[in-house]
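*Asks:*
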Amino acid sequence: MLVVEDLHVSYGAIAAVKGISLKVKPGEIVALVGSNGAGKSTTLRTISGLIRPKSGSVVFEGKNLVGVPGHKVVGAGITQSPEGRRIFPKMTVHENLELGAFLRNDKAEIEADLDRVLELFPRLKERISQKAGTMSGGEQQMLAVGRALMGRPHLLLLDEPSMGLAPVLVDLIFDTIRTIRDQGTTVMVVEQNALAALRIGDYAYVLETGQVKTEGLARDLLNDPEVINAYLGG
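Sequence positions in the sequence shown follow the UniProt record's numbering and run 1 to 234.
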């Protein structure tokens with residue numbers, strides 16, 4: 001489904017991503033874990049078309065997306081819930097969700113997807129007419145994920161979905177990510193919370209200073225002494 005090969009991304013003279021290669025197969029949850037500054041979010045933003053790489057390829061369903069603008073990447077079947085949520089605070093929950101479907105014109109299917117999102121996140125249904133900026137951080141994170149789902153993606157990118165959330169909400173968000181995958185959407189999740197990501201992931205890549213330090217089945221990395229010591233609290 002997605003093949004990233006030898007990706008290099010720089011911010012001016014600073015190399016943020018140094019030759020990352022990774023794959024995402026249909027039906028998987030793939031986790032990118034690592035400390036702050038490891039290059040996780042930059043990798044995701046490059047896949048989304050928000051950053052143009054210095055070199056390397058991003059091939060999705062047979063098409064190289066390097067140089068393709070972000071809105072066309074969405075049209076190709078990739079949507080993202082960004083780091084920091086970035087919901088539209090002065091718009092209602094319903095308006096935010098509608099914007100997630102801005103490239104679509106299949107009204108009946110959009111309504112069906114809206115129903116699906118509200119079933120996944122009942123809290124959003126309760127607050128459907130509320131201004132998004134007045135909601136809690138956890139509710140805004142649900143909205144950001146729901147908005148991304150409204151694009152009906154083949155691949156859903158989630159950037160730090162647990163950031164700033166209470167533990168009970170972290171569990172809820174990650175349980176919902178599993179459900180999204182079980183309903184047929186492939187997921188790639190970037191997380192500093194390595195334990196939570198590895199618990200739900202099928203495959204995982206550990207990034208360090210812009211490179212893949214190790215990779216493997218997520219359940220195997222949960223028991224890897226080096227990963228445990230570096231990212232899972234020893």
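For glycine and all other residues, C-beta sits at the position ideal for the given N, C-alpha and C.
Here the structure is a predicted model, which is why all the values come from computation and not from measurement.
(1) How do the stretch 157-169 and the stretch 71-87 stand: do at least 3 beta-carbon pairs fall below 8 Å, yes or no?
(2) Identify, in the order they occur along the chain, each residue of the same chain with its Cβ nearer than 8 Å to the Cβ of G75, setting aside the five sequence neighbours on each side.
(3) Do you know whose CA, among R199, M163, K23, lies nearest R178's CA?
(4) Please identify the residue among P53, N64, R116, S41 whose C-alpha is closest to the C-alpha of L2.
(5) Do K40 and V9 have their C-beta atoms closer together than 8 Å?
(6) Could you tell me whether the stretch 92-109 touches the stretch 128-144, where touching means 3 or more Cβ pairs closer than 8 Å?
(7) In its own chain, which residues sit with a C-beta less than 8 Å from the C-beta of L165, not counting the 5 before and 5 after it?
(8) Whether or not the stretch 202-217 and the stretch 31-45 are in contact is what I'm after, with contact meaning three or more pairs of Cβ atoms, one per stretch, closer than 8 Å; do they touch?
(9) If we ignore side chains and look at the alpha-carbon of each, how far apart do E109 and V170 end up?
(10) Measure the alpha-carbon distance for A112 versus R219 and round it to whole angstroms.
(11) Return helix, strand or coil for A13, following the three-state DSSP convention.
(12) Alpha carbon to alpha carbon, how far is R123 from K25? Give it in angstroms, no decimals.
(13) In whole angstroms, what is the alpha-carbon distance linking A148 and P225?
(14) By the 10 Å Cβ neighbour count, where 16 or more other Cβ atoms means buried, how is R45 classified, buried or exposed?
(15) How many Å lie between I180 and A15 at the Cα?
(16) Starting from L44, follow the alpha helix (DSSP H) in both directions and report where the run begins and ends.
(17) Entirely within the stretch 77-156 and at least 3 residues each: give me those beta strand (DSSP E) ranges in chain order.
(18) For V117, I'd like the list of residues in its chain whose CB is within less than 8 Å of its CB, leaving aside the five on either flank, ordered along the chain.
(19) Mapping the DSSP letters down to three states, classify A204 as helix, strand or coil.
(20) How should T134 be labelled, buried or exposed, when 16 other C-beta atoms within 10 angstroms of its C-beta is the threshold for buried?
(21) From this set, L7, D6, V30, which residue's C-alpha is nearest N185's C-alpha?
(22) Kindly indicate which three-state DSSP category V227 falls into: helix, strand or coil?
(23) Measure the alpha-carbon distance for G62 versus S21 and round it to whole angstroms.
*Replies:* On the basis of the data shown:
(1) yes
(2) The residue you call residue 75 lines up with position 75 of the sequence shown. Around G75: L103.
(3) Sequence index remark: in the sequence shown, residue 178 carries index 178 (1-based). For R178, the nearest C-alpha among the options comes from R199.
(4) As a first step, residue 2 is located in the sequence shown; it is residue number 2 there, counting from the start. Closest option to L2, Cα to Cα, is N64.
(5) Translated into the one-based positions of the sequence shown, residue 40 becomes position 40. Translated into the one-based positions of the sequence shown, residue 9 becomes position 9. No.
(6) yes
(7) Position 165 of the sequence shown, counting from 1, holds the residue named residue 165. Cβ neighbours of L165 beyond the five flanking positions: G137, G138, Q141, I173.
(8) yes
(9) Position 109 of the sequence shown, counting from 1, holds the residue named residue 109. Position 170 of the sequence shown, counting from 1, holds the residue named residue 170. Approximately 30 Å between the Cα atoms of the pair.
(10) The sequence position of residue 112 within the sequence shown is 112, counting from 1. The sequence position of residue 219 within the sequence shown is 219, counting from 1. Rounded to the nearest angstrom, the two C-alpha atoms are 35 Å apart.
(11) Here residue 13 refers to the residue found at position 13 when the sequence shown is read from its first residue. Three-state result, A13: coil.
(12) Taking the sequence shown and counting its residues from 1, one reaches residue 25 at position 25. Taking the sequence shown and counting its residues from 1, one reaches residue 123 at position 123. C-alpha separation (whole angstroms): 31 Å.
(13) For this step, residue 148 is matched to residue 148 along the sequence shown. For this step, residue 225 is matched to residue 225 along the sequence shown. A148 and P225: Cα-Cα distance of roughly 35 Å.
(14) Looking up residue 45 in the sequence shown gives position 45. Buried.
(15) Numbered from its first residue, the sequence shown carries residue 180 at position 180. Numbered from its first residue, the sequence shown carries residue 15 at position 15. Using only the alpha carbons, I get a separation of about 34 Å.
(16) Translated into positions along the sequence shown, residue 44 becomes position 44. Note, L44: alpha helix (DSSP H), 40-47.
(17) 78-81
(18) Within the sequence shown, residue 117 is the residue found at index 117, counting from 1. L97, L124, G146, L149, M150.
(19) Taking the first residue of the sequence shown as 1, we reach residue 204 at position 204. In the structure shown, A204 sits in a strand (DSSP, three-state: E or B).
(20) The sequence position of residue 134 within the sequence shown is 134, counting from 1. Exposed is the call here.
(21) Working through the sequence shown from its first residue, we reach residue 185 at position 185. The sequence given here has Thr at residue 185, not Asn. When only C-alpha atoms are compared, the closest one is V30.
(22) Position 227 of the sequence shown holds residue 227. If DSSP states are grouped into helix, strand and coil, V227 belongs with the helices.
(23) To locate residue 62, count along the sequence shown from 1; it is residue 62. To locate residue 21, count along the sequence shown from 1; it is residue 21. Their backbone Cα atoms lie some 16 Å apart in a straight line.
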